[in-house]
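Our numbering numbers the first residue of the sequence shown as 90 and each following residue consecutively. Backbone N, C-alpha and C define an ideal beta-carbon position, used for all residues, glycine too. From a predicted model like this one, the values you see are computed outputs, not experimental measurements.
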Amino acid sequence: MTDAISSAQSALGALSTAMAATANNVANADTDGYKSQEAQLATGPGGQGVQVAGIRSDDSSGGLNPAMVSGVNAAGVYEPSVGLSEMSNVDLARQTVNMVEASRAFEANVAVIRTADDMAGTLLDLRV
Numbered sequence: 090m091t092d093a094i095s096s097a098q099s100a101l102g103a104l105s106t107a108m109a110a111t112a113n114n115v116a117n118a119d120t121d122g123y124k125s126q127e128a129q130l131a132t133g134p135g136g137q138g139v140q141v142a143g144i145r146s147d148d149s150s151g152g153l154n155p156a157m158v159s160g161v162n163a164a165g166v167y168e169p170s171v172g173l174s175e176m177s178n179v180d181l182a183r184q185t186v187n188m189v190e191a192s193r194a195f196e197a198n199v200a201v202i203r204t205a206d207d208m209a210g211t212l213l214d215l216r217v
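Printed below as a string of structure tokens:
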């Protein structure tokens with residue numbers, strides 16, 4: 090029973106990191122040049138629980154956005170011009186799926202801890 094609780098606790102920690110990475114992506118969706126990140130989860134030590142194996146950055150390019158690129162020419166005259174800047178590569182639909190997936194897994198692990206706690210309480214009630 091303790092193994093179930095410790096496995097679920099490690100999963101809660103890893104899922105919290107995954108949710109934080111997703112929240113960071115959503116917060117930076119409008120930041121030009123931002124690259125989305127994703128927490129890579131792996132089986133914990135000894136095959137028990139879940140741990141964060143790393144944070145992977147998506148290096149694919151985002152769309153291009155017109156941007157003002159202004160400067161002073163050789164004659165010292167201000168010259169406004171238009172250039173392109175790379176937008177963020179965050180896919181909000183994918184981030185929504187990641188957030189729902191992590192929250193459902195979080196709920197499932199909380200249910201495991203709650204059930205293990207109820208079982209321990211029942212066993213203690215039987216012994217008393």
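Requested in this report: Quick one: which unbroken beta strand (DSSP E) runs of 3-plus residues sit fully inside the region 93 to 134? Chain order, please.
Outcome: 126 to 132, all fully within the region 93 to 134.
Requested in this report: Please confirm if the region 137 to 154 is in contact with the region 207 to 215, defined as three or more CB-CB distances below 8 angstroms between the two stretches.
Outcome: The answer is no - the region 207 to 215 does not touch the region 137 to 154, with fewer than three Cβ pairs under 8 angstroms.
Requested in this report: Assign S99 to one of two classes, buried (16 or more other C-beta atoms within 10 Å of its C-beta) or exposed (fewer than that).
Outcome: S99 comes out buried.
Report task. Take N154 and list the residues in its own chain whose beta-carbon comes closer than 6 angstroms to its own, dropping the five residues that flank it on each side. Result -> So the list reads S174, M176, once near-sequence residues are dropped.
Query - Inter-stretch contact (C-beta, 8 angstroms, three-pair minimum) for the region 104 to 124 and the region 175 to 192 - result: With the cut-off at 8 angstroms, the region 104 to 124 and the region 175 to 192 touch.
Query raised in the report: Closest by CA to D121, which one among L215, A128, S150?
Result: Closest by alpha carbon: S150.
Requested in this report: In angstroms with no decimal places, state the Cα-to-Cα distance between A194 and N178.
Outcome: The alpha-carbon of A194 is positioned some 26 angstroms away from that of N178.
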